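Before any comments, here is the structure.
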Amino acid sequence: MTISQTICDFTTLAIEAGGWMEMDRIYLQNRILGMIGEEALENTEVRPVSEESVVLLDRLVEQAKKNEVVTDLPAEIEIFEAQLMDFLTPPPSVVNAFFAQHYATNPEEATDYFYQLSKRNDYIKTRAIAKNIRYTYLSEYGELEITINLSKPEKDPKQIAAEKHAKKVDYPECMLCMNNEGYKGRLNYPARTNHRIIRMNLDGESWGFQYSPYAYYNEHSIILSEEHRPMKITKETFSRLLKITEVLPHYFVGSNADLPIVGGSILSHDHYQAGRHEFPMAKAPIERLIKLSDYPQVIAGVVKWPMSVIRLQATGKEILVEAANSILEKWHQYSDPAVAVTAFSKDGTPHHTITPIARKRENYFELDLVLRDNNVSDEHPEGIFHPHRDIQHIKKENIGLIEVMGLAVLPPRLKAEMAEV
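Residues 174 to 594, numbered by my numbering, are exactly what the sequence shown covers, in order.
Here it is in structure tokens:
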């Protein structure tokens, strides 16, 4: 196939994505032609395109390299690829309008549209994600999921050297800020030209819904506050999570804890994680019922799980929020020195929080409340309830939301180390 035909086919995919019309074909072809360093377009045929967008993208990038428009520097290529894939991505207002149009039919159709778009435009790195190693382990708590994360590319030595001389820039404030949408990227910051966010209103606040570029599970998505503010587990958190399950009933949604050690990797920006996946914890049964005398409408129980999990179920969201908040407030203050559970340090530093997960079942709402404690000791300086040093050769990172639900995300070094065993 000639490079001209590749440009023509790529343009066809751009028009099919809905952001352009057939009248825009000449304009688009000339834009792509110039971007890859070519000067003339040969005869081409407008035809149905069977090849995947990323295959056509690879050809365009290779031609750009030959024409010395881009170098082999990974960050430079990533920026260039995102700019090309932006042609296959309608503007944010159009994507939001299409999402709303599909949502009017049903929520699943809306997320299907946005998910397929995010894969076709390579915002979701499907080829990189396919490198991950996945397997399961049958335990007394059910079938646990394990993945060795190989999707995120290791940095090229040339790029590491280039980053040392890169100008320090404080924009966007963090990887989850809404002003990442359409951002070009730079040597030490990922390209987001083809990034789109669906706007959501949660209890009168502006939030955004997007997919994760390096997904750990099916339709791994992020729901983020428009305001750049720290993670905080409050009564409002439970209300928002349940509201999201009402808006997207086919998705679970959960939040990382808001304290170091037991929280996620980003505590500086309030956000949740969602998706279309039933984690092992969701399948785990209640092994002991609890009576909540103040909330007789709520079914409560301890989940059979290797962490301390209280499951709440009710037909109404409001009563579930009240019950969850009552447990949060009690856990904030609870101490039991006999088992090294201490709510506050002598200086008043809090150590207790909750990792909450919400689901919409057929006839009721469900909240799993995972009790978290980030105390440290002389014996366990990284955390009493954190992977201890005798197993840190396997994993020493935080036990975040995803691990809590039963999917162990292990570092890439294990692939080589396991081969040596």
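Cβ coordinates follow ideal geometry from the N, Cα and C atoms, glycine included.
Values in this document were obtained by computation on a predicted structure and should not be read as measured data.
Applying the criterion that 16 or more other CB atoms from any shown protein chain within 10 Å of the CB defines a buried residue, is Lys298 buried or exposed?
Within the sequence shown, numbered from 1, the residue matching residue 298 stands at position 125. Looking at its Cβ environment, which holds 16 or more other Cβ atoms inside 10 Å, Lys298 is buried.
Which residues does DSSP list as the beta-bridge partners of Arg449?
Indexing the sequence shown from 1 puts residue 449 at position 276. The bridge partners DSSP lists for Arg449 come to none.
Buried or exposed: which applies to Glu224, given that a residue is buried once 16 or more other Cβ atoms fall within 10 Å of its Cβ?
On the sequence shown, position 51 is the one that residue 224 refers to. Within a 10 Å sphere around the beta-carbon of Glu224 sit fewer than 16 other beta-carbons, which makes this residue exposed.
How big is the Cα-Cα spacing for Gly355 and Cys347?
Looking up residue 355 in the sequence shown gives position 182. Looking up residue 347 in the sequence shown gives position 174. Looking at the two C-alpha atoms, the distance is approximately 14 Å.
Range of the contiguous alpha helix (DSSP H) that encloses Phe411
As a first step, residue 411 must be located in the sequence shown, where it is residue number 238. Its alpha helix (DSSP H) spans residues Lys408 to Val420.
Taking the straight line between their C-alpha atoms, what separation do you get for Pro479 and Leu485?
Residue mapping note: residue 479 aligns to position 306 of the sequence shown, counting from 1. Residue mapping note: residue 485 aligns to position 312 of the sequence shown, counting from 1. Near 18 Å, if we compare the C-alpha coordinates of Leu485 and Pro479.
Looking at the secondary structure, which residues open and close the alpha helix (DSSP H) in which Thr284 lies?
One-based indexing of the sequence shown puts residue 284 at position 111. Unbroken alpha helix (DSSP H) run through Thr284: Pro280 to Arg293.
Which residues in the same chain have their Cβ closer than 8 Å to the Cβ of Ala237, if we skip the five residues on either side of it in sequence?
For this step, residue 237 is matched to residue 64 along the sequence shown. Excluding residues within five positions, the ones whose Cβ falls inside 8 Å are Met208, Ile209, Gly210, Val243 and Phe253.
In this structure, how does DSSP classify Val476 when only helix, strand and coil are distinguished?
As a first step, residue 476 must be located in the sequence shown, where it is residue number 303. Val476 falls in the strand class under three-state DSSP.
Just mark Ile564 as buried or exposed, buried being the case when its beta carbon has 16 or more other beta carbons within 10 Å.
For this step, residue 564 is matched to residue 391 along the sequence shown. By the neighbour-count criterion, in which a residue is buried when 16 or more other Cβ atoms sit within 10 angstroms of its Cβ, Ile564 is exposed.
Extent of the continuous beta strand (DSSP E) to which Glu460 belongs
Stepping through the sequence shown from its first residue, residue 460 is reached at position 287. Note, Glu460: beta strand (DSSP E), Ile459 to Ile463.
Any idea what DSSP makes of Arg372, helix, strand or coil?
Here residue 372 refers to the residue found at position 199 when the sequence shown is read from its first residue. Three-state DSSP puts Arg372 in a strand.
Is the separation between the beta-carbon of Gly191 and that of Phe272 shorter than 8 Å?
Taking the first residue of the sequence shown as position 1, residue 191 is located at position 18. Taking the first residue of the sequence shown as position 1, residue 272 is located at position 99. Against a cut-off of 8 Å, the Cβ pair of Phe272 and Gly191 comes out as no contact.
To the nearest angstrom, how far is the alpha carbon of Thr320 from that of Ala301?
As a working note, residue 320 is residue 147 in the sequence shown. As a working note, residue 301 is residue 128 in the sequence shown. Those two C-alpha atoms are separated by around 14 Å.
What's the gap between the Cα of Leu214 and the Cα of Leu246?
Position 41 of the sequence shown, counted from the first residue, corresponds to residue 214. Position 73 of the sequence shown, counted from the first residue, corresponds to residue 246. Each residue's Cα considered, the two are about 28 Å apart.
Could you check what DSSP says for Ala513 in three-state terms: helix, strand or coil?
Residue 513 sits at position 340 when you count from the first residue of the sequence shown. Looking at Ala513 - three-state DSSP - the assignment turns out to be coil, as it is neither helix nor strand.
With DSSP as the reference, label Trp504 as helix, strand or coil.
As a first step, residue 504 must be located in the sequence shown, where it is residue number 331. Looking at Trp504 - three-state DSSP - the assignment turns out to be helix.
Starting from the N-terminal side, write out each stretch of the alpha helix (DSSP H) that is 4 residues or longer and does not extend beyond the segment 200-255.
226-239
Relative to the C-alpha of Gly609, which candidate in Arg293, Tyr390, Ser394 and Ala388 has its C-alpha closest?
Beyond the ends of the chain as shown, which are 174 and 594, falls residue 609; an answer cannot be given.
Report the rounded CA-to-CA distance for Ala683 versus Ser398, giving the unit in angstroms.
This structure leaves residue 683 out entirely; the chain is present only between 174 and 594.
So, does the segment 546-562 touch the segment 405-414, judging by three or more C-beta pairs under 8 Å?
no
Check this for me: beta carbons of Val577 and Asp546, under 8 Å apart or not?
Taking the first residue of the sequence shown as position 1, residue 577 is located at position 404. Taking the first residue of the sequence shown as position 1, residue 546 is located at position 373. Taking 8 Å as the Cβ cut-off, Val577 and Asp546 do not qualify as a contacting pair.
How is the alpha helix (DSSP H) around Ser177 delimited, first residue to last?
Counted from its first residue, the sequence shown places residue 177 at position 4. From DSSP, the alpha helix (DSSP H) with Ser177 extends over Ile176 to Glu189.
Quick check on the burial criterion: 16 or more other C-beta atoms within 10 angstroms. Buried or exposed for Arg461?
Counting from one through the sequence shown, the residue named residue 461 turns up at place 288. Label assigned to Arg461: exposed.
Taking contact to mean 3 or more Cβ pairs, one atom from each stretch, closer than 8 Å, check whether the segment 444-451 and the segment 461-475 are in contact.
No contact exists between the segment 444-451 and the segment 461-475.
Among Tyr384, Asp295 and Val420, nearest to Val227 - alpha-carbon criterion:
Translated into positions along the sequence shown, residue 227 becomes position 54. With distances taken between Cα atoms, Val227 lies closest to Asp295.
Is it the case that the segment 399-407 contacts the segment 361-368, given that we only count it when at least three CB pairs across the two stretches are under 8 Å?
no
Assuming Ala531 and Leu544 are in contact, meaning their beta carbons sit under 8 Å apart, how far apart are those beta carbons, in whole angstroms?
As a working note, residue 531 is residue 358 in the sequence shown. As a working note, residue 544 is residue 371 in the sequence shown. Actually they do not touch by this definition, with Cβ atoms about 16 Å apart.
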